[in-house]
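Visitor:
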């Protein structure tokens, strides 16, 4: 009997090892000690004084794996979740989570909660390690004067104070081509779940070129809300939106680079919304430039500057609600391949009618005219 138990234990151990052979546990813990505020509001009673906090940024834990199906074809899967180490919070499968097939010759097909080429481009461009924190460029990109995070139909797809086009898209299927001499393309379709009325969906196409030094990308996204001219503004102010995004990065070395991104967002308003805002279409352009300068073998000074333009097409008060500038200056030092020490100062200077907030680590409830400011110092460790 003793020998039978030993044999059974060995067999089960072997089966477990086989089952887990192609499963990877991975993640990142990214914690910063921060001091933030938002003062200068048009209504001074809505100023937000200095607050000290711990921010978990884009901390995550994930599981991924694959199965060899033969002839170069693999089944792939991933379940990734955001975690809040500072509060003990988190939600399951809130980040890229999917199942799919991949082949070196045929490309990759994914189904699930996915990153579009627009969001991927923003992440590659952003100067902050892992595109996170109070200095990230999603503070202004693709928000259409903050409509993209406050509109009833759009805010359900946005991630906090990150707009629709920089958020992961639900109910999506995406195909990514193999890379040919550095070029690749992708196409994504995300279905809405409305059972009646106009069909809601997200569609995205993108193309990029990348080698060891140069990255260049172009992306177009179209989103319909499910609202039409008979819909009240409580459903949505928009029938559809579009976003055109282009970026280029040049890397001089592992720690030194420059980059530029341009984003053009347009929104077609419903009949009810046009009576409120004085137009049937709103448009806005946003751009950022950034750079990193290597300091020694392990450090780099990072800087990022962006501007959001006025909302064109509407009345004058609405136009001014889109204008802001974003400054970010920081330093990153690699303590090892997996551990990063960092410091960042970030400031958004809102026009008197604008109320932009940080994309990650929002101050919260920023009033019109208030300027979010923050200083952060912390550690990021990956595993």
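Residue numbers (our numbering): 3 to 385.
Quick reminder that beta carbons are idealized off the backbone N, C-alpha and C, glycines included.
Could you check the C-alpha separation between residue 35 and residue 266 for me, to the nearest Å?
Guide: Along the chain shown, read from residue 1 onward, the residue named residue 35 stands at position 33. Along the chain shown, read from residue 1 onward, the residue named residue 266 stands at position 264. Each residue's alpha carbon lies about 34 Å from the other.
Visitor: Out of 367, 125, 27, which has the shortest C-alpha to C-alpha gap to residue 248?
Guide: Locating residue 248 in the chain shown gives position 246, counting from the first residue. Nearest C-alpha to residue 248: 125.
Visitor: Beta strand (DSSP E) containing residue 243: first to last residue?
Guide: Taking the chain shown and counting its residues from 1, one reaches residue 243 at position 241. From DSSP, the beta strand (DSSP E) with residue 243 extends over 240-253.
Visitor: Mark residue 231 as exposed unless 16 or more other C-beta atoms lie within 10 angstroms of its C-beta, in which case mark it buried.
Guide: In the chain shown, the residue the question calls residue 231 occupies position 229. Counting Cβ neighbours within 10 Å, residue 231 comes out exposed, since fewer than 16 surround it.
Visitor: Mark residue 368 as exposed unless 16 or more other C-beta atoms lie within 10 angstroms of its C-beta, in which case mark it buried.
Guide: As a position in the chain shown, residue 368 is number 366, starting the count at 1. Result: buried.
Visitor: To the nearest angstrom, report how far apart residue 354 and residue 81 are at their CA atoms.
Guide: By one-based count along the chain shown, residue 354 stands at place 352. By one-based count along the chain shown, residue 81 stands at place 79. Taking the straight line joining both Cα atoms gives about 42 Å.
Visitor: Buried or exposed for residue 226, please, with buried defined as at least 16 other CB atoms from any protein chain shown within 10 angstroms of its CB.
Guide: As a first step, residue 226 must be located in the chain shown, where it is residue number 224. Counting Cβ neighbours within 10 Å, residue 226 comes out buried, since at least 16 surround it.
Visitor: Are the C-beta of residue 208 and some C-beta of chain B separated by less than 8 Å?
Guide: No chain B appears in this structure, which consists of one protein chain only.
Visitor: Span of the alpha helix (DSSP H) holding residue 386?
Guide: Given that the chain is displayed from residue 3 to residue 385, the structure contains no residue 386 and the question cannot be resolved.
Visitor: Under 7 Å Cβ to Cβ from residue 391, same chain only, skipping five residues before and after it: list those, please.
Guide: This structure does not reach residue 391, given that the chain is present from 3 up to 385, and the question cannot be answered.
Visitor: By how many angstroms is the C-alpha of residue 45 removed from the C-alpha of residue 320?
Guide: The count along the chain shown starts at 1 and reaches residue 320 at position 318. The count along the chain shown starts at 1 and reaches residue 45 at position 43. Each residue's alpha carbon lies about 18 Å from the other.
Visitor: Are the beta-carbon atoms of residue 43 and residue 371 separated by less than 8 Å?
Guide: The sequence position of residue 43 within the chain shown is 41, counting from 1. The sequence position of residue 371 within the chain shown is 369, counting from 1. The answer is yes: Cβ separation under 8 Å.
Visitor: What residue ranges within the stretch 143-175 form continuous alpha helix (DSSP H) runs of no fewer than 4 residues, ordered along the chain?
Guide: 149-152
Visitor: Within the stretch 94-128, note down every full beta strand (DSSP E) run reaching 3 residues or more, in order along the chain.
Guide: 99-105, 109-116
Visitor: Measure how close the beta-carbons of residue 329 and residue 348 come, nearest whole angstrom, since I'm counting them as under 8 Å.
Guide: Stepping through the chain shown from its first residue, residue 329 is reached at position 327. Stepping through the chain shown from its first residue, residue 348 is reached at position 346. Sure, about 7 Å apart at Cβ, within 8 Å.
Visitor: Measuring CB to CB, does residue 153 end up less than 8 Å from residue 240?
Guide: Within the chain shown, numbered from 1, the residue matching residue 153 stands at position 151. Within the chain shown, numbered from 1, the residue matching residue 240 stands at position 238. Contact flag set, yes.
Visitor: Return the chain-ordered list of same chain residues with a C-beta closer than 6 Å to the C-beta of residue 238, the five sequence neighbours on each side being excluded.
Guide: Position 236 of the chain shown, counting from 1, holds the residue named residue 238. Excluding residues within five positions, the ones whose Cβ falls inside 6 Å are 153, 154, 155, 227, 229.
Visitor: Does the Cβ-Cβ distance between residue 378 and residue 345 come in under 8 Å?
Guide: Translated into positions along the chain shown, residue 378 becomes position 376. Translated into positions along the chain shown, residue 345 becomes position 343. Against a cut-off of 8 Å, the Cβ pair of residue 345 and residue 378 comes out as a contact.
Visitor: Taking three-plus beta-carbon pairs below 8 Å as touching, is the stretch 82-100 in contact with the stretch 55-62?
Guide: Using a C-beta cut-off of 8 Å, the stretch 82-100 makes contact with the stretch 55-62, since at least three inter-stretch Cβ pairs fall below that distance.
Visitor: Would you kindly check if the distance between the Cβ of residue 138 and the Cβ of residue 361 is under 8 Å?
Guide: For the purposes of this step, residue 361 is identified with residue 359 of the chain shown, where counting begins at 1. For the purposes of this step, residue 138 is identified with residue 136 of the chain shown, where counting begins at 1. Against a cut-off of 8 Å, the Cβ pair of residue 138 and residue 361 comes out as a contact.
Visitor: Out of 219, 251, 54, 380, state which residue places its alpha-carbon closest to the alpha-carbon of residue 39.
Guide: Position 37 of the chain shown, counting from 1, holds the residue named residue 39. It is 54.
Visitor: Under 8 Å, with one C-beta from each stretch per pair, do the stretch 250-265 and the stretch 207-220 reach the 3-pair mark?
Guide: yes
Visitor: Can you check which of these residues, 294, 270, 143, is closest to residue 260 by C-alpha distance?
Guide: Against the chain shown, residue 260 aligns to sequence position 258. With respect to the C-alpha of residue 260, the residue from 294, 270, 143 having the closest C-alpha is 294.
Visitor: At 4 residues or longer, and completely inside the stretch 175-224: list those alpha helix (DSSP H) runs for me, N to C.
Guide: none
Visitor: Mind reading off the beta-carbon distance from residue 180 to residue 106? Whole number of angstroms is fine, and I expect it under 8 Å.
Guide: Taking the first residue of the chain shown as position 1, residue 180 is located at position 178. Taking the first residue of the chain shown as position 1, residue 106 is located at position 104. The pair is a contact, with the Cβ atoms about 6 Å apart (cut-off 8 Å).
Visitor: Hey, how far is the Cα of residue 288 from the Cα of residue 246?
Guide: Reading the chain shown from its first residue, position 286 is the one you call residue 288. Reading the chain shown from its first residue, position 244 is the one you call residue 246. About 11 Å.
Visitor: Rounded to the nearest angstrom, what separates residue 334 and residue 143 at their Cα positions?
Guide: In the chain shown, residue 334 corresponds to position 332, counting from 1. In the chain shown, residue 143 corresponds to position 141, counting from 1. Rounded to the nearest angstrom, the two C-alpha atoms are 23 Å apart.
Visitor: Taking buried to mean at least 16 other C-beta atoms within 10 Å of its own C-beta, is residue 70 buried or exposed?
Guide: Stepping through the chain shown from its first residue, residue 70 is reached at position 68. So residue 70 ends up on the exposed side.
Visitor: Can you check the stretch 328-369 for any beta strand (DSSP E) of at least 3 residues that lies completely inside it and give the ranges in chain order?
Guide: 341-352
Visitor: Could you check where the beta strand (DSSP E) with residue 294 kicks off and where it finishes?
Guide: For the purposes of this step, residue 294 is identified with residue 292 of the chain shown, where counting begins at 1. Run containing residue 294: 283-297, per the beta strand (DSSP E) assignment.
Visitor: What are the boundary residues of the beta strand (DSSP E) that includes residue 27?
Guide: For this step, residue 27 is matched to residue 25 along the chain shown. It spans 25-41 - the beta strand (DSSP E) in which residue 27 sits, taken as one unbroken run.
Visitor: Please state whether the Cβ-Cβ distance between residue 120 and residue 221 is less than 8 Å.
Guide: The count along the chain shown starts at 1 and reaches residue 120 at position 118. The count along the chain shown starts at 1 and reaches residue 221 at position 219. In terms of Cβ geometry, residue 120 and residue 221 form a close pair [threshold 8 Å].
Visitor: Which residues share a DSSP beta bridge with residue 134?
Guide: Position 132 of the chain shown, counting from 1, holds the residue named residue 134. Looking at the DSSP assignment, residue 134 forms no beta bridge with any residue, so it has no partner.
Visitor: Excluding the 5 residues preceding and the 5 following residue 331 in the sequence, name in chain order all residues of the same chain whose CB lies nearer than 7 Å to its CB.
Guide: Mapped onto the chain shown, residue 331 falls at position 329. These residues qualify, in order along the chain: 305, 347.
Visitor: Between residue 94 and the rest of its own chain, which residues show a CB-CB distance below 6 Å, the 5 nearest in sequence each way excluded?
Guide: Taking the chain shown and counting its residues from 1, the one referred to as residue 94 is at position 92. Result list for residue 94: 83, in chain order.
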